[in-house]
Amino acid sequence: MSASLASILARTFIALLALALLPACADIPGTIAQAARWRDEAAAVRDMVTNELDNLEAARAAIPDDAPDAPGLDAAIANARAKRAALDAAVLHADRVLAEMTEPSDSLTVGVGALTPLLPPPAQGPVLLAAALVATLLRARQVRAGADSIVKSIQHARKDPLFQQAFERHADAIRSIQTPAARRIVDGVTTPKPLLRSPI
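The opening position of the sequence shown corresponds to residue 0 in numbering that gives the first Met the number 0, with each subsequent residue numbered one higher.
What follows is the structure, given as structure tokens:
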């Protein structure tokens, strides 16, 4: 499972969450509670996958590279890492959606929140959920676009010999403070990728 596929699965999880909640919730508190339960279930599965990955990595570290089981373990580790990345993204999106539902900060959710009292209770929760989902996905895409532009600017600046020398002197420090998400963004900009990409 590739990283891009993992990102697609993460977004699909959130979309399915929204679709599953639309017919079931009667009001905003009920929608938020159900979304929180789904988020917690995803986090529990992520913990299980993390434990599985830890066991696989320990087993792989215990055998030499030329061992017969090495290729199978390497493939299983790559698959488990992709699963965990997908679940990390799903939980992160769920957290953002829940935060946007409970404390709206985007103009879309603020506007929808002002209108929901005019709707019948069965429609209030699903409408607010849909608005929060759209708002967080759009915001994530904007953040990703901004991060991409920063990386591209640095890549362009590295053509200058003095900048390149300074960059190389501090490369280890830069890598040490990069988050996994930042590394994925840099890799996405500096290496060829499939056309389908996550907004974050």
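Positions of the beta carbon are idealized from the N, C-alpha and C atoms, including for glycine.
Leu55 and Ile31 - do their beta-carbons sit closer together than 7 Å? The residue labelled residue 31 in the question sits at position 32 within the sequence shown. The residue labelled residue 55 in the question sits at position 56 within the sequence shown. For the 7 Å CB-CB criterion, Ile31 and Leu55 do not form a contact.
**Prompt:** Along the chain, where does the alpha helix (DSSP H) that runs through Ala66 open and close?
**Reply:** Translated into positions along the sequence shown, residue 66 becomes position 67. The continuous stretches of alpha helix (DSSP H) do not include Ala66, and DSSP gives it neither H nor E.
* Can you tell me which of the three DSSP states Asp46 falls into? => Sequence index remark: in the sequence shown, residue 46 carries index 47 (1-based). Here Asp46 sits in helix by DSSP.
Specify the secondary structure class of Glu40 as computed by DSSP and reduced to three states.
The count along the sequence shown starts at 1 and reaches residue 40 at position 41. If DSSP states are grouped into helix, strand and coil, Glu40 belongs with the helices.
- May I have the straight-line CA-CA distance separating Asp73 from Asp171, to the nearest angstrom? In the sequence shown, the residue the question calls residue 73 occupies position 74. In the sequence shown, the residue the question calls residue 171 occupies position 172. Approximately 27 Å, taken between the alpha carbons.
Practice prompt. Using 6 Å as the cut-off, classify the Cβ of Asp73 as near or not near the heavy atoms of the ligand HEM, replying yes or no.
Written response: This structure lacks the ligand HEM; in fact it carries no ligand of any kind.
Would you call Pro70 buried or exposed, if buried means 16 or more other Cβ atoms sit within 10 Å of its Cβ? Along the sequence shown, one-based indexing puts residue 70 at 71. Pro70 should be labelled exposed.
Review point. How would you label Lys158, buried or exposed, when you count the other beta carbons within 10 angstroms and need 16 or more for buried?
Key: Residue mapping note: residue 158 aligns to position 159 of the sequence shown, counting from 1. Exposed is the call here.
- Note down the Cα distance separating Asp39 from Pro67, rounded to an integer number of angstroms. Counting from 1 along the sequence shown, the entry for residue 39 is found at position 40. Counting from 1 along the sequence shown, the entry for residue 67 is found at position 68. Computed Cα separation, rounded: 38 Å.
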